[in-house]
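Contents: one structure, followed by commentary.
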Amino acid sequence: MKKLILGLIIGLLILPICIVIYFFTGMVPVATADAPMPMEKTVTGFLLNSKVTKEAPKNVPFTPDEQVYIAGAHIYRENCAVCHGLPGQEKATAIATGMFPKPPQLFTHGVTDDPAGDTYWKVANGIRLTGMPGFKSSLSEPQMWQVSLFLANADKLPPSAIQALSASENVSPVPQATNPTPAPVAIMPPNKK
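Taking numbering that gives the first Met the number 0, the leading residue of the sequence shown gets 0, the next gets one more, and so forth.
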């Protein structure tokens with residue numbers, strides 16, 4: 000019995016020591032190009048889903064109509080398209096390509112199956128450990144609902160909303176990722192004293 004208890008105590012001590020070594024020896028993948036930590040996607044996905052389920056609004060404060068979708072299209076284009084793409088966009092922007100986790104291209108892998116309240120929560124609060132910012136301090140509540148309803152109905156938008164999404168007024172285009180030849184870098188010898 001003593002050996003079992005001793006083994007249990009040693010096992011309980013070894014696990015935290017291994018975790019500390021993992022974190023403090025620089026083994027944790029923190030660069031966007033690194034592979035995810037073990038079980039990272041599973042754990043963060045579970046935590047996000049639990050939080051959204053608990054806190055997301057269940058009722059939409061107004062009925063979506065054509066004007067709501069058009070307003071949502073403008074908000075999406077100005078604030079979201081740089082990461083989440085536009086309909087017919089061949090490849091992700093340079094910003095989206097360099098992010099981890101990769102932001103979903105919402106017109107390819109959309110959120111039309113998500114309740115608008117879930118999308119609203121994500122727009123308002125952002126998602127920690129991703130590039131998704133919270134817009135609670137930069138968009139009004141009606142604006143966050145407009146873009147959330149726009150996305151929840153992206154598969155059945157009226158032509159006017161699609162046209163508003165493709166309109167380029169007041170929006171500067173985001174350059175696509177390119178591979179320019181880097182400028183040569185001069186290496187200077189160390190300064191000797």
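We treat Cβ as the ideally placed atom computed from N, Cα and C, and that holds for glycine.
As the structure is a prediction and not an experimental result, all values here were calculated from the model.
Problem set entry | Beta-carbon proximity list for residue 14, same chain, < 7 Å, skipping 5 on both sides | none
Exercise. What is the rounded straight-line gap between the Cα of residue 147 and the Cα of residue 109?
Worked result: 12 Å
For this session: Just the C-alpha distance for residue 140 and residue 72, rounded to the nearest angstrom, thanks.
Result: 16 Å
Exercise. Any contact of the region 51 to 66 with the region 113 to 123, i.e. 3+ C-beta pairs under 8 Å?
Worked result: yes
Exercise. Between 98, 42, 85, which lies nearest to residue 104 when the distance is taken from Cα to Cα?
Worked result: 85
Exercise. My guess is that residue 7 and residue 74 are in contact by the Cβ rule of under 8 Å, so how many angstroms apart are they, rounded?
Worked result: Contact doesn't hold; Cβ gap of about 56 Å is too wide.
Exercise. Since residue 131 is in the alpha helix (DSSP H), which residue starts that stretch and which ends it?
Worked result: Unbroken run through residue 131: none, as it is neither H nor E.
Exercise. How far does the alpha helix (DSSP H) with residue 13 in it reach, from first residue to last?
Worked result: 1 to 23
For this session: State the Cα-Cα distance for the pair residue 67 and residue 38, rounded to the nearest angstrom.
Result: 39 Å
Problem set entry | Beta-carbon spacing of residue 193, residue 65 below 8 Å | The requested residue 193 does not occur in the structure, where the chain is confined to residues 0 to 192.
Problem set entry | Proximal residues to residue 12 (C-beta, below 7 Å), its chain only, five neighbours per side dropped | none
For this session: Have a look at residue 101 and residue 87 and give me their C-alpha separation to the nearest angstrom.
Result: 18 Å
Problem set entry | Exposure label - residue 150; buried when at least 16 CB within 10 Å | buried
For this session: In the DSSP assignment, find the alpha helix (DSSP H) that holds residue 69 and state where it starts and stops.
Result: 65 to 78
For this session: Identify which residue in 159, 122, 160, 161 has its Cα closest to the Cα of residue 51.
Result: 122
Exercise. Do you know offhand how far residue 18's Cα is from residue 3's?
Worked result: 23 Å
Problem set entry | Distance, residue 30 Cα to residue 169 Cα | Confidence at residue 169 is low in this model, with a pLDDT of 44, below 50, so the placement of that residue should be treated as unreliable; the coordinate-derived value is given next. Their backbone Cα atoms lie some 34 Å apart in a straight line.
For this session: May I ask which residues mark the beginning and end of the alpha helix (DSSP H) holding residue 100?
Result: Careful: residue 100 lies outside any alpha helix (DSSP H) and carries neither H nor E.
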